[in-house]
Amino acid sequence: MNEFVERLISFGWREPRPSYDVVIIGGGGHGLATAYYLATRHGITNVAVLERSYIGSGNSGRNTTVIRANYGIPEAVRFYQHSIELYQTLEDETGRDLMHLQKGLLWIAHSELGVRAERARAAINTAFGAKTEFVTPEEIARICPQIDLSGGGVWPVQGATYHPEGATARHDRVVWAYAEGAMRLGAHVHQRTPVTGLLMDGDRVIGVETPRGPISAGVVMSAVGGHVSGLAAMAGLRLPIRSHPLQAFVTNHYQRQFDPIVSSSDLLFYTSQTPRGEMLMGAEIDRQPSYSYRSGHHFIQQTAFRAITLLPFLRDLRVLRQWTGICDMSPDYSPVMSATPVEGFYVTTGWGTWGFKAIPAGGEGMAGLIATGEPPELIAPFSLDRFAKDRTLADRGSAGTH
Ligand SMILES: Cc1cc2nc3c(=O)[nH]c(=O)nc-3n(C[C@H](O)[C@H](O)[C@H](O)COP(=O)(O)OP(=O)(O)OC[C@H]3O[C@@H](n4cnc5c(N)ncnc54)[C@H](O)[C@@H]3O)c2cc1C
1 MNEFVERLIS FGWREPRPSY DVVIIGGGGH GLATAYYLAT RHGITNVAVL
51 ERSYIGSGNS GRNTTVIRAN YGIPEAVRFY QHSIELYQTL EDETGRDLMH
101 LQKGLLWIAH SELGVRAERA RAAINTAFGA KTEFVTPEEI ARICPQIDLS
151 GGGVWPVQGA TYHPEGATAR HDRVVWAYAE GAMRLGAHVH QRTPVTGLLM
201 DGDRVIGVET PRGPISAGVV MSAVGGHVSG LAAMAGLRLP IRSHPLQAFV
251 TNHYQRQFDP IVSSSDLLFY TSQTPRGEML MGAEIDRQPS YSYRSGHHFI
301 QQTAFRAITL LPFLRDLRVL RQWTGICDMS PDYSPVMSAT PVEGFYVTTG
351 WGTWGFKAIP AGGEGMAGLI ATGEPPELIA PFSLDRFAKD RTLADRGSAG
401 TH
């Protein structure tokens, strides 16, 4: 948070109270959006969001900002389509310029198998409310003339799905808008306040421990991104989550305009142009689970090599910055928005490499669950007990490269 933003946005920082109705651990997009929707949709404002560092310091401030709903299973298509629609009206609702840009998204197929997968994606998206159509190489060339349709002679472009509502938004502004909106209605956000333990009364969570003292709570929600395993362990809970680093990088300014977001499942990368003109590149998670924020040359080398195959102009650009976030990966690539077997303890997790687009719908859903005790229809399939009941929601379409 810099001084410029602090002056522009009216955050009302307060001292922590000894007790709140709801304590949310983690000041990323999901924690802050839940506080915002508790206040705006349910009138629940005796709420604190506790953030160990500064708000948006986790993955919500480190992602590649792709917003889309072209997922692979009905439950996900419906949920993410709702999130896209909430994003489309979020600037009006919060009164903040979030730099939301509808760009359209091309998902390129380079083989007969890839074409079949993209046709299936278009069919399931259309059936469950997301706009996605199959397009030919000629149409691809019209939408994005920079694409080399021969794929460097090795990965010929055979077709793609086009998802016109695919968008991007400035990630930290989304975080700040939710924080400001929640605080304006009375919620508290406490930065530099790590939760170091949970207060338990038998099997029930009744508050949190922090270096600023204990805080009691009617309900505690964990929204700590890739650090959820340690946090859940404080409640004696083992979650089906592994934490993997995910890296990204941006190049220097590309002078021409590059309109859509472009992704390829065979070449395992995706890219879009930032409002500053940089080319923003993402790819796969690091295979080894870890909490390391170190970024590596191997990632740039592999991603750049594959991206240049499809977009030769990238060859002339330079890498400006590279960074890493720690992603909470679920075994079925779907999120977990749920009550838990520990009374009073809720989790929003499993956001992996795909949770930025879900911030509005995820926050709204968790607020509904906490306020009413019942999961709203859109998030009900994503409960934690789906693993025990063998009702997993396998969806490789969650990752930006599948
Ligand atoms: C490189 C990269 C690219 C990505 N690209 C995309 C994309 O294009 N589109 C997309 O939809 N998603 C993308 N994602 C995923 C997306 O960023 C995340 O899923 C999403 O931001 C998760 O939000 P969150 O609020 O759950 O977690 P976070 O934003 O990580 O917030 C968790 C917060 O909890 C805090 N915390 C942790 N432990 C404690 C504690 N003990 N006490 C208090 N606070 C604590 C952390 O400091 C952090 O601020 C990407 C992620 C990465 C890393």
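According to the working numbering, the sequence shown is numbered sequentially starting from 1. Each residue gets a CB set at the ideal place from its N, CA and C atoms; glycine is no exception.
Host alpha helix (DSSP H) of residue i (start-end)
i: Y178; result: H171 to R184
i: P360; result: I359 to T372
i: Y37; result: G29 to H42
i: G230; result: V228 to A233
Bridge partners - residue i, DSSP secondary structure assignment
i: D201; result: R204
i: H188; result: A48
i: R242; result: M329
i: G277; result: Answer is none; G277 lacks a bridge partner.
i: T349; result: V336
i: A160; result: I108 and V135
Residue i: first and last residue of the uninterrupted beta strand (DSSP E) it sits in
i: D21; result: S19 to I25
i: L405; result: Absent from the model: residue 405. The displayed extent of the chain is 1 to 402, so no value can be given.
i: G218; result: I215 to S222
i: S265; result: Where S265 is concerned, there is no enclosing beta strand (DSSP E), given that its DSSP letter is neither H nor E.
For residue j and residue i, the rounded distance between their alpha carbons
i: F387; j: I379; result: 15 Å
i: V342; j: L237; result: 8 Å
i: D390; j: P240; result: 13 Å
i: T193; j: I215; result: 11 Å
i: F258; j: Q273; result: 6 Å
i: P18; j: V47; result: 12 Å
i: I9; j: S150; result: 48 Å
i: A179; j: T210; result: 20 Å
i: L246; j: C327; result: 7 Å
i: Q255; j: V135; result: 27 Å
i: T161; j: G355; result: 22 Å
i: V154; j: I25; result: 48 Å
i: T132; j: L231; result: 38 Å
i: T89; j: R96; result: 11 Å
Reduced DSSP category for residue i - H, G, I as helix; E, B as strand; rest coil
i: Y293; result: coil
i: P137; result: helix
i: Q322; result: strand
i: E284; result: strand
i: T94; result: helix
i: V77; result: helix
i: N59; result: helix
i: E209; result: strand
i: Q247; result: strand
i: Q301; result: helix
i: Q102; result: strand
i: S83; result: helix
i: S53; result: coil
i: S10; result: coil
i: S398; result: helix
i: N125; result: helix
i: E343; result: strand
i: T309; result: helix
i: I143; result: helix
i: A167; result: strand
i: V115; result: helix
Residue i: CB within 8 Å of a non-hydrogen atom of ligand 3
i: V224; result: As far as ligands go, the structure on display features ligand 1 and does not contain ligand 3.
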